[in-house]
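One structure below.
This is the structure we're talking about:
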């Protein structure tokens, strides 16, 4: 999505004029929220300077099954749609405005998202058809296809990026994007509570262990171990929100050795302990 690009514009990236200072000690999901007034001012400031961007983005507000967002040059969200809010367990757009992926995702995943933002802005060209693992608060992680494109002002300066993602659901799409790794992803989703070795996963893909690990990371942007861990944590979140089981019971149910193991891995993925997550999100 390129707005008012010029053929000979200088490839410079403008700094954002509005600075929102977030508490660097806070690393977990869904915690920091601007006041209604601050969120509105942050968004209004961006679109007051770049009104063409707002008119185009309004098309995505209610688009079903499509996860849409726009960010400024600091990768802070300036616009998100309803699907984005649902996926992140948010009720209002203001809860996302001014935040970055670090406020919603584990550090490694957040940095991967933001690194791609920088690549899109620096390259000044869309990056289509990228496969990403996206965490969902209410279900297991899902695979999405992402397209990102730079946003330009009338002078041809990069002012941010816009991105759209849709979930891969049809069998032919899953096969096309996940390729030889599809049987592995399916197996993990069904057997995450059982011990699963690297050699077992490699055999399912028909690859050597070394080649398998490299291929998984190259194609799906996470390691097999990280994917398995994410699926287990998401399963734990489901049990935390739908049952009264103890943390020790849940740990064993989803494939961790004990409560301590669950707590350590849960914190790595979400930034919160299981107990804190249950207290915050279970009504």
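Residue numbers (full-length UniProt numbering): 1 to 283.
C-beta: ideal position from N, C-alpha, C; glycine also.
Exercise for the section: Determine contact between the stretch 82 to 97 and the stretch 170 to 188, defined as no fewer than three beta-carbon pairs at a distance below 8 angstroms. Expected result: Per the Cβ contact rule, the stretch 82 to 97 is not in contact with the stretch 170 to 188 (fewer than 3 Cβ pairs under 8 angstroms).
Handout entry: Cβ neighbours of residue 164 in the same chain (closer than 6 angstroms, five flanking residues each side left out)
Key = Excluding positions up to five away in sequence, the list reads 66, 68, 147.
Problem - C-alpha distance - residue 168 paired with residue 63, whole-angstrom precision - result: So the two alpha carbons sit approximately 16 angstroms from each other.
Exercise for the section: Decide if the stretch 223 to 241 is in contact with the stretch 252 to 269; the criterion is three or more beta carbon pairs, one per stretch, under 8 angstroms apart. Expected result: Output reads yes: the stretch 252 to 269 touches the stretch 223 to 241.
Handout entry: Residue span of the beta strand (DSSP E) that contains residue 71, given as start and end
Key = Counting along the chain, residue 71 sits inside the beta strand (DSSP E) bounded by residues 66 to 72.
Handout entry: Residue range of the alpha helix (DSSP H) that includes residue 187
Key = 182 to 191 is the extent of the alpha helix (DSSP H) around residue 187.
Exercise for the section: Under 6 angstroms Cβ to Cβ from residue 250, same chain only, skipping five residues before and after it: list those, please. Expected result: Sequence-distant partners of residue 250 (beyond 5 residues in either direction) whose C-beta falls short of 6 angstroms from its own C-beta, in its chain, are 236, 239.
Exercise for the section: Look up residue 149 in the DSSP assignment and give the residues it is bridged to. Expected result: Answer is 162, bridged to residue 149.
Problem - Start and end residues, alpha helix (DSSP H) containing residue 280 - result: Run containing residue 280: 274 to 281, per the alpha helix (DSSP H) assignment.
Practice task
Mark residue 91 as exposed unless 16 or more other C-beta atoms lie within 10 angstroms of its C-beta, in which case mark it buried.
Solution key: Under this definition residue 91 is an exposed residue.
Handout entry: Beta-carbon proximity list for residue 182, same chain, < 7 angstroms, skipping 5 on both sides
Key = Only residues of its own chain outside the window of five on either side were considered, and among them 174, 175 have a CB closer than 7 angstroms to the CB of residue 182, listed in chain order.
Problem - Segment limits, beta strand (DSSP E) that includes residue 80 - result: 77 to 80 is the span of the beta strand (DSSP E), which, as asked, contains residue 80.
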